[in-house]
Structures are given as C-alpha cells and as structure tokens.
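Only one structure is covered here, and it is reproduced in the block below.
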Amino acid sequence: MRNLVLFGPPGAGKGTQSAFLVDHYNLVHLSTGDVFRFNIKGGTELGNLAKSYMDKGQLVPDGVTISMLEAEVDKHKDANGFIFDGFPRTEAQAKALDVFLEKRGDEIEAMLALEVDEEELKKRLLARAETSGRSDDADPEVIQKRINVYNVETAPVADFYKAAGKFKAIDGHGSVEDITNRLVEAIG
Ligand code: ADP
C-alpha cells in the first residue's frame, strides 16, 4: 500500500493536488474537512459538532476526528493506498494513525508538505471563498485564526515525520502543474 500524507497550511493546495495524485497513483482521497462538510450538509450529529469548531477556525477535537478517520479508512478494504489530506493535524492524530495502520500491517510512506507563504495563503483563501461557499474562507478573522492554529498545533506534526525520515518539503508556489510535477518527483 502507498499511504501518503499531504500536509500544509489552509490554502496550500492540498485538495487541488490530491485530485491529480489520486488518479495518477490510483489512491483513495481522504479529506477530513470534506467528510466534516458532508456531515454538516446532512445535518448529522457529527456535522453539528464539527461546525461549531470549524466556524471559529478551531480544530475539531481529536477523539471524534480520529474515530471518523478510522471508520473512513475501514470503508475501503480494497484500496491501493490513501492520500490523507488535512489529517493528521495534531501529534495525537499522527500517533493514532501510526497505531491504526500498524494494526493493519501498514504504514505511512511519506509526508509531503506544501510550503506557501502567509500572504499568498490569505489571497488564495479569499479567492476560494468566491466559489466554495465556505464561510470559513470568507472571513479574514477566521482565516487568521486557522493559520495561527496551523502554526501552533499542526506545524509541529512535521517533526514527527522528520524523526521517522519520512518528511519531504515541497515548494507550493507557482502553477498547479509545476507543483504537481514537484510532488510526483518527490514521491518517486
Ligand atoms: P483547510 O486546509 O483549507 O483549512 P480543511 O477542509 O482541511 O481546509 O479543514 C477545514 C476545517 O475542518 C479546519 O479548520 C478544522 O476546523 C476542521 N478539520 C479538518 N481536518 C481536521 C483534523 N484533522 N482535525 C481537526 N479538525 C479538522
């Protein structure tokens, strides 16, 4: 199995790049943000809970996020591998993912970290708000909060994969195609 973590701050291009990578490597795309939004649309209990955090730019608590992610992985018994997009976002999530995959005789192959400067992120998120209908993209205060949460709670997750020799930094500036090419080269 080829399991990749696509990492990076909000607006780094994780979703955009995932769309290409899943086709190219025949993988299943698992975006925790997408699953939460699907649940919000469906008005589920999980959706209502997630919304209360997402609207404020905060992380959804680890317990629910980890259980949800594991249930999603279990839905794809025949997968060739996964692209984890937006997960893990905390060290507890990273550890839980390792334990979970190990039980299945599996592991993360690499973390691909898209690096984009803060001004560019803000521009991209505000532009995305025009078409995404995402309220968390339309409000500059919520955007700033998400970037701050990323810097404090999520960025340290990279150290976890660095220590395991699985971390690869990718320049996330430039055209979508340029960035895709860098990712493919890094995946090898
Ligand atoms: P972005 O990367 O642009 O912030 P996402 O769709 O990945 O977009 O995430 C949107 C929101 O969903 C986050 O701000 C957070 O509230 C919640 N979320 C997504 N993934 C996780 C996660 N792994 N742990 C906790 N909260 C998450």
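Just so we're aligned, residue 540 is where the sequence shown starts under the working numbering, counting upward by one.
Note that CB positions come from ideal geometry on N, CA and C, so glycine has one too.
The structure displayed is predicted, hence computed values, not measured ones.
- Around the C-beta of residue 582, fewer than 16 other C-beta atoms lie within 10 Å, and the residue is accordingly described as exposed.
- CA-to-CA, the gap between residue 670 and residue 650 works out to about 29 Å.
- If you draw a 10 Å sphere on the C-beta of residue 711, you find 16 or more other C-beta atoms in it, and that means buried.
- With fewer than 16 other CB atoms across the displayed protein chains lying within 10 angstroms of its CB, residue 683 is exposed.
- When beta bridges are read from the DSSP output, residue 624 appears opposite 545, 570.
- The beta-carbon distance between residue 550 and residue 663, rounded to whole angstroms, is 4 Å. This is short enough to meet the 8 Å contact definition.
- By the C-beta criterion, the region 555 to 573 is judged to be in contact with the region 616 to 627, since at least 3 inter-stretch pairs fall below 8 Å.
- Each of 700, 555, 718 was checked against the Cα of residue 634, and the nearest Cα belongs to 700.
- According to DSSP, residue 707 shares a beta bridge with 651.
- At a cut-off of 7 Å, the beta-carbon of residue 592 counts as near ligand 1: some heavy atom of the ligand is closer than that.
- Rounded to whole angstroms, residue 676 and residue 588 show a C-alpha spacing of 19 Å.
- With respect to the C-alpha of residue 540, the residue from 655, 615, 575, 686 having the closest C-alpha is 615.
- Here DSSP, grouped into helix, strand and coil, assigns residue 679 to helix.
- Put simply, of 653, 647, 674, 640 the residue whose alpha carbon is nearest the alpha carbon of residue 590 is 674.
- Excluding residues up to 5 positions away in sequence, 594, 595, 596, 674, 675 lie with their Cβ nearer than 8 Å to the Cβ of residue 681 in the same chain.
- In the three-state reduction of the DSSP assignment, residue 687 falls in the helix class, which pools H, G and I.
- Collapsing the DSSP output to three states places residue 643 in coil.
- For residue 685, the distance from the CB to the nearest heavy atom of ligand 1 is below 7 Å.
- The same chain holds no residue with a CB closer than 6 Å to that of residue 703 once the five nearest residues on each side in sequence are set aside.
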